[in-house]
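>
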Amino acid sequence: MVSFWSFLLSYPEVFLAIACFFCLSLFRLVRHCHKSDLPVNWPVIGMLPFLVRNLYQIHDSVTDMLREAGCTFRIIGPWFLNMSFLATCDPATVNHCFNTNFNNYPKGSEFAEMFDILGDGLLVADSASWEYQRRVAMQVFASRAFRSFSMSTITRKAGTVLLPFLDHMAKHGSQVELEGIFMRFSLDVSYSTVFATDLDCLSVSHPIPAFGQATKEVEEGMLFRHVVPPSLWKLLRMLKVGSEKKMADARVVIDKFIYEEIAKWKAQANKECQGDVLSMYMNWPMDPSMSEQQKTLFLRDTVVGFIFAGKDLIAVTLTWFFYMMCKHPHVEAKILEEIKALQSTTWPGNLSVFECDNLRPATYLQAALLETLRLFPATPFEEKEALNDDVLPDGTMVSKGTRIVFSLYAMGRIKGIWGKDCMEFRPERWISKSGRLRHEPSYKFLSFNSGPRSCLGKDLGLSNMKMAAASIIYNFKVELVEGHAVMPESAVILHTRNGMMVRLKRRELTAA
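If you're matching positions, the sequence shown starts at -1 in our numbering and goes up one per residue.
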């Protein structure tokens, strides 16, 4: 026996080969015996193999895991990396963390650092900073001037940019990557709503503007930060290489656009509030103790948050909505019949556009949008960090500093939450027997957040999406390109992996 160990010590490569063979054999044996969807907790590396193996379809894999685990499961990362977290889709836990024990679950410093593009804006701020920004934002969203400007902006953009662009594609019989179109459109709308300036993202002859390309680079960088150990992306950031260099360069472009818009507003003679976000905030009485530099930075962080929050919700939701319309033509037919009875306005090219206010009676259309958000939430997960030790409603112990990831994607696909037909696209689940929209608790349907951090732009966002969806359905028939597979991307925003290729056909209808 001594000679055997002496032999192994003399030839370490043989020892390493035997060890690798043993580990691989053990891994295959465990996989063969382990039919469960729950990940294996390996020595040293924890559940990292599960995350790596399922990275390509992480949202569905986490859904299967939570479905088997009973809605809550602790993911253990490698012992030498800060990657462990608690995953959940339990409505009771959501209610506990977002409402009843809200103060113990801030966004946390790790979240703020990961999304540092947002600065100290409302989406990442905590404590006193968040309370102040929330109070100001509530006043802005409640303003009649802001709501009127926002709705008129998206109506104008639909009539002068989006529908003419789609009409051009329909006339030429071209295949259209619809998600890319919606991303450009929503960025255009968000930029105009914030600055009262046109970015011209949907010009047929022009490429996407530098600002739009920069926001795309930032989103890709934020995804990378989510799937690698924090120590790795922080090292890349320090060295200014890889995805972190791209993010840094993109931030320079974004900041250049924003600071130029702020400077233009300050230089103009007429500083009256037009209803856009920038003029609303510029006319807001800020803390007198703030320096001009601090005020400018505050404005920068605020408008970046507005742009990123607005563009993703509209674009991603409309993409999945029309995917569902292609897969469920009977739903589209019901929506078309519903909006035929409503008043629309005719724009150049004989294109009909619906005003947001005229779509208030379109209950089935809104139900279809809510059903889309249930199955395909634009933001597939939320994150919080425990400030102190706690016990969740299901008895799970939470230690101070624990990161909790709430899977909105999984929440919409659990039978115990939405019933046996949870995987079906059925707008009727949102309509009561009296024909009105059915209310669901926000901690069960988390697409617009819940509790004190609930989305201030929920009603405005739904109105804008209803307007865009109704106007497109009324004017065009959208058909998926045969053989083109549409599936969710493993990302912080629920984009499609390969885009959504469609063909458009002009409808011949008479407006009401």
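Note that the Cβ used here is the ideal one computed from N, Cα and C, for glycine as well.
To the nearest angstrom, how far is the alpha carbon of Glu175 from that of Met499?
Approximately 4 Å between the Cα atoms of the pair.
> Name the DSSP bridge partner or partners of Gly44?
Trp40
> Going by CA-CA distance only, name the one from Pro391, Leu406, Cys354 that's closest to Leu460.
When only C-alpha atoms are compared, the closest one is Cys354.
> Considering just the uninterrupted stretch of the beta strand (DSSP E) at Leu84, what are its terminal residues?
83 to 86
> Going by Cα to Cα distance, which pick from Cys87, Ser397, Lys325 is closest to Ile415?
Cys87
> What are the uninterrupted segments assigned as alpha helix (DSSP H) that are 4 or more residues long and contained completely in the segment 426 to 485, given in chain order?
456 to 473
> In this structure, how does DSSP classify Met181 when only helix, strand and coil are distinguished?
helix
> Using alpha carbons as the reference points, say which of Ala126, Arg51, Thr213, Ala123 lies closest to Phe306.
Thr213
> Could you tell me which whole beta strand (DSSP E) segments of length 3 or greater appear in the segment 54 to 127?
70 to 73, 83 to 86
> Is Phe404 near the ligand COA, with its Cβ less than 6 Å from a heavy atom?
Among the components of this structure there are no ligands whatsoever, and the ligand COA is therefore not found.
> Tell me the DSSP bridge mates of Lys382?
DSSP lists Ile402 as partners of Lys382.
> Check whether the Cβ atoms of Phe374 and Val403 lie closer than 7 Å to each other.
no
> Is Met136 buried or exposed, if buried means 16 or more other CB atoms sit within 10 Å of its CB?
exposed
> Out of Ile333, Val389, Ser201, which one is the CA nearest neighbour of Tyr362?
Ile333
> Note down, in chain order, each residue of its chain lying with its Cβ closer than 7 Å to the Cβ of Met81, except the 5 sequence neighbours on either side.
Gly75, Pro227
> Relative to the C-alpha of Asn386, which candidate in Pro89, Asn102, Leu46, Asn93 has its C-alpha closest?
Asn102
> Measuring alpha carbon to alpha carbon, tell me which residue in Lys418, Phe319, Leu406 is nearest Thr91.
Leu406
> Determine the direct distance from the alpha carbon of Met245 to that of Asp299, and round the result to whole angstroms.
16 Å
> Please work out which residues of its chain come closer than 6 Å, Cβ to Cβ, to Thr343, disregarding the five sequence neighbours upstream and downstream, and give them in chain order.
Val351
> What does the alpha-carbon distance come out to for the pair Leu367 and Met465?
11 Å
> Going by DSSP, which residues form a beta bridge with Thr389?
Contrary to the premise, residue 389 reads as Val rather than Thr in this sequence. According to DSSP, which records beta bridges pairwise, Val389 is partnered with Met395.
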